[in-house]
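There are 2 protein chains.
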Amino acid sequence: MKLTIFSPISLISISLSYYLLLLQCTVDGRSLSPSKPDPKDAAAYARWLVSHNSWGVLNTIFKDLGGAPFGNVVSFSDGLPGKGKGIPYFYLTPLDPTAKNALKDHRSSFTLSEVPLGTCGKVDPENPTCAKITLTGKHSKEAEFGRNALFSKHPEMKDWPQGHKFEVFKLDIADIFLINWFGGPKPLTIDQYLHWKNE
Amino acid sequence: MKLTIFSPISLISISLSYYLLLLQCTVDGRSLSPSKPDPKDAAAYARWLVSHNSWGVLNTIFKDLGGAPFGNVVSFSDGLPGKGKGIPYFYLTPLDPTAKNALKDHRSSFTLSEVPLGTCGKVDPENPTCAKITLTGKHSKEAEFGRNALFSKHPEMKDWPQGHKFEVFKLDIADIFLINWFGGPKPLTIDQYLHWKNE
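Just so you know, the sequences run in chain order A and B.
According to UniProt numbering, the stretch in the first sequence is residues 1 to 199, in order.
According to UniProt numbering, the stretch in the second sequence is residues 1 to 199, in order.
See below:
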């Protein structure tokens with residue numbers, strides 16, 4: 001984009017357009033946090049990626065489809081705004097295969113991309129500098145702990161039909177696959193991930 | 001967004017901002033096709049969703065992780081621009097677990113959301129009016145047929161390191177899970193999906 005071709009009126013336009021773009025690309029006013037962490041800091045990067053995304057693909061084993069790995073787009077939250085803990089919570093209805101699958105077989109993973117955050121620039125979504133993370137573990141029903149985390153990030157959830165019997169689910173993480181630069185997956189333990197603190 | 005509060009200058013701003021938003025949200029100049037199909041037309045909607053997206057989550061069975069379903073963010077293409085056929089092709093390196101998994105166990109699925117297309121408005125990513133699709137089937141190495149489809153949509157792929165031994169993979173679709181409105185998954189056969197034609 002060449003700014004030099006724009007007149008002063010257009011400069012106002014550009015300011016406005018960035019504002020609108022930001023509105024378009026945020027969920028409930030959450031900032032995109034354009035100042036992403038240093039890719040060398042795997043724990044900080046992984047936690048940033050999880051806390052700032054609002055949706056991803058939750059994967060379960062679908063017995064009725066020959067035991068296929070079945071991905072499903074879901075919203076999630078890892079905590080109240082600015083207080084994410086890295087553990088993803090979901091709000092699922094048993095009308096949806098993912099919740100039913102998880103109750104039969106807890107094996108699961110949850111996959112996120114940096115693309116929705118708008119911070120990958122012009123590189124391809126599969127370019128390793130555009131980060132991606134897969135948290136693998138056990139996915140099961142959770143008490144009400146995750147409800148506030150979910151409703152604060154996804155306000156419309158509280159009005160979803162009661163008849164659909166939505167319940168809070170949680171992923172207990174056993175493995176982390178993070179790519180955020182060249183050179184293959186970043187070594188990152190569950191302990192480093194869960195106990196990372198933003199100093 | 002209330003247009004009534006904007007002055008004539010701001011109307012120019014709005015036009016420009018939509019243009020910039022469109023630039024931001026396209027891959028290699030492909031249009032977002034804001035005129036999405038009628039949700040009642042399941043085949044048209046599914047094909048539109050697959051043709052206009054540029055990345056998604058590809059799922060395989062990860063034997064080394066206890067047979068967990070393992071999602072991985074990948075780029076894909078279903079054909080040359082404007083000539084998508086609905087079958088997703090991928091360009092994967094055996095350095096990545098997904099390609100290795102697929103060679104051991106072909107069971108796979110590929111999941112896409114409408115969110116990246118920017119056409120969901122203000123609804124939550126899990127709201128059923130914001131469409132999602134999961135194509136389940138067998139995922140395996142493919143001859144060179146998919147290469148042009150991939151390189152036309154993801155030009156940087158042709159320069160990815162030869163030493164990484166990238167190869168074209170393909171998903172043979174056996175089941176389609178589409179949600180694009182209230183009322184649960186849309187009935188849609190493989191035949192209806194693959195033989196849909198834009199009249």
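Beta carbons are placed, not taken as given, at the ideal position from N, Cα and C, and that holds for glycine.
Report yes if the C-beta distance between residue i and residue j is below 8 Å; otherwise report no.
i: residue 46/A; j: residue 178/A; result: yes
i: residue 58/B; j: residue 175/A; result: no
i: residue 142/B; j: residue 127/A; result: no
i: residue 69/B; j: residue 169/A; result: no
i: residue 196/A; j: residue 99/A; result: no
i: residue 105/A; j: residue 60/A; result: yes
i: residue 152/B; j: residue 81/B; result: yes
i: residue 101/A; j: residue 76/A; result: no
i: residue 49/A; j: residue 131/A; result: yes
i: residue 139/A; j: residue 171/A; result: yes
i: residue 159/B; j: residue 154/A; result: no
i: residue 161/B; j: residue 116/A; result: no
i: residue 129/A; j: residue 181/A; result: yes
For residue i, which residues in chain A fall below 8 Å Cβ to Cβ?
i: residue 180/B; result: By Cβ distance, chain A contributes nothing, its closest Cβ being about 12 Å from residue 180/B, past 8 Å.
i: residue 81/B; result: Here the premise fails: no neighbours, minimum Cβ distance about 16 Å.
Note down, in chain order, every chain B residue with its Cβ under 8 Å from the Cβ of residue i.
i: residue 132/A; result: 72, 73
For residue i, which of the options has the nearest alpha-carbon?
i: residue 85/B; options: 173/B, 181/B, 186/B, 183/B; result: 173/B
i: residue 94/A; options: 103/A, 88/A, 183/A; result: 103/A
i: residue 91/A; options: 136/A, 133/A, 54/A, 183/A; result: 54/A
i: residue 56/B; options: 180/A, 190/A, 38/A, 110/A; result: 110/A
i: residue 78/B; options: 107/B, 112/B, 67/B, 182/B; result: 112/B
i: residue 89/A; options: 114/A, 161/A, 74/A; result: 74/A
i: residue 72/A; options: 51/A, 97/A, 186/A, 87/A; result: 97/A
i: residue 108/A; options: 121/A, 162/A, 134/A, 83/A; result: 134/A
i: residue 163/A; options: 183/B, 40/B, 52/B; result: 183/B
i: residue 166/A; options: 146/A, 185/A, 181/A, 120/A; result: 146/A
i: residue 39/B; options: 191/B, 186/B, 117/B, 144/B; result: 186/B
i: residue 35/A; options: 67/A, 121/A, 87/A; result: 121/A
i: residue 87/A; options: 161/A, 52/A, 181/A, 119/A; result: 52/A
Taking residue i as the query, report the chain A residues whose CB atoms sit under 7 Å from its CB, ordered along the chain.
i: residue 65/B; result: 136, 175
If the cut is a Cβ gap below 7 Å, which residues of chain B does residue i touch?
i: residue 88/A; result: What residue 88/A touches in chain B: nothing, since even the nearest Cβ is about 13 Å away.
Please decide whether residue i counts as near chain E, where near means a Cβ-Cβ distance under 8 Å.
i: residue 48/A; result: Protein chains in the displayed structure are A and B, and chain E is not among them.
Ranges of the alpha helix (DSSP H) found wholly within the UniProt domain "CREG-like beta-barrel" (37–194) of chain B, counting only runs of at least 4:
42–52, 97–104, 145–153, 190–194
Give me the subset of the region 95–125 of chain B whose CB atoms are less than 8 Å from a CB atom of chain A, sorted by chain position.
95, 97, 107, 108, 109, 110, 111, 112, 113, 115, 116, 118, 123, 124, 125
Members of the region 37–60 of chain A that neighbour chain B once the beta carbon cut-off is set at 7 Å
54, 55, 57, 59, 60
In the region 142–157 of chain A, which residues sit with their C-beta less than 9 Å from some C-beta in chain B, listed in chain order?
154, 155, 156, 157
Residues in the region 169–194 of chain A having any Cβ partner in chain B nearer than 9 Å
174, 175, 177, 179, 184, 185
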